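In this note's numbering, the protein residues as written are 565 to 817.
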Ligand code: PGA
């Protein structure tokens, strides 16, 4: 069992109206306080409209609240965008960076992700940097190379920043499809990720970084995934919309 922080992170994507979000967050808080005894850290990533109220609602709990995206610029004429300083000003502590849906539908690249990572740390927001290959990349046996290229974006970080950065490996073919990478398949990639971080930084930083697996994590497969040597938790989409499932996943450590 690793000594790294074990994390269950819920990515709500574009789900939940204001009241629905408050309800879900309250259920997660209540259940985690009464049932979760394994020390796992919970993070929730709701849509932007929820952030200010959920930061307040989670005050005094161990649950961290994060954004699903962050803009790389400090401020300016970027209609529709939200800056790191704005997120920080309402107490947001975390942000996803480079989720595959943002790479796929909003043209985010490794370069724009690198700028977002920098912007987040500039305002003391901890990024969860999301990486992962598509099905065709895996079938072409390019998955290790693709992930290495994505990881190269981390080079913009200082060693100290990298020590608190979180990485999430999410094979695109496993997201929302019901197909999970096998625990062995996922762990093989997590080991590759840790080795790459050791090359980019050093071994002790690599050993300390939490690497989450994402892609159809459910209560019935979480335990097998979380028991692997290099899997430190999960980034959970669909199942994080149910407080019961999310808490049961977090009990899988
Ligand atoms: P999923 O999504 O759990 O619904 O597969 C994971 C994610 O995209 O973060």
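Where a beta carbon is used, it is the ideal one built from N, C-alpha and C, also for glycine.
Just so we're clear, the structure is a prediction, and the values are computed from it rather than from any experiment.
| Item | Value |
| --- | --- |
| Taking the straight line between their C-alpha atoms, what separation do you get for residue 727 and residue 586? | 32 Å |
| As a quick exercise: from 601, 632, 642 and 649, pick the residue whose alpha carbon is nearest that of residue 626. | 601 |
| How about the region 625-639 and the region 678-687: do they share at least three Cβ pairs that are nearer than 8 Å? | yes |
| May I have a chain-ordered list of the beta strand (DSSP E) segments no shorter than 3 residues that lie completely inside the region 675-719? | 690-695 |
| Measure the alpha-carbon distance for residue 610 versus residue 715 and round it to whole angstroms. | 25 Å |
| Residue 743: buried (16+ other C-beta within 10 angstroms of its C-beta) or exposed? | exposed |
| Closest to residue 616 by CA distance: which of 641, 597, 657 and 595 is it? | 657 |
| Please state if the CB of residue 732 and the CB of residue 778 are separated by a distance shorter than 8 Å. | yes |
| Taking the straight line between their C-alpha atoms, what separation do you get for residue 606 and residue 808? | 14 Å |
| What do you get for residue 565, buried or exposed, if any count of 16 or more other CB atoms within 10 angstroms of its CB means buried? | Because residue 565 carries a pLDDT of 41, less than 50, the predicted location of this residue cannot be relied on, and the following value inherits that uncertainty. Residue 565 is exposed by the Cβ-count criterion. |
| Which same chain residues end up closer than 6 Å to residue 687 when comparing Cβ atoms and leaving out the 5 residues on each side of it in sequence? | 648, 649 and 652 |
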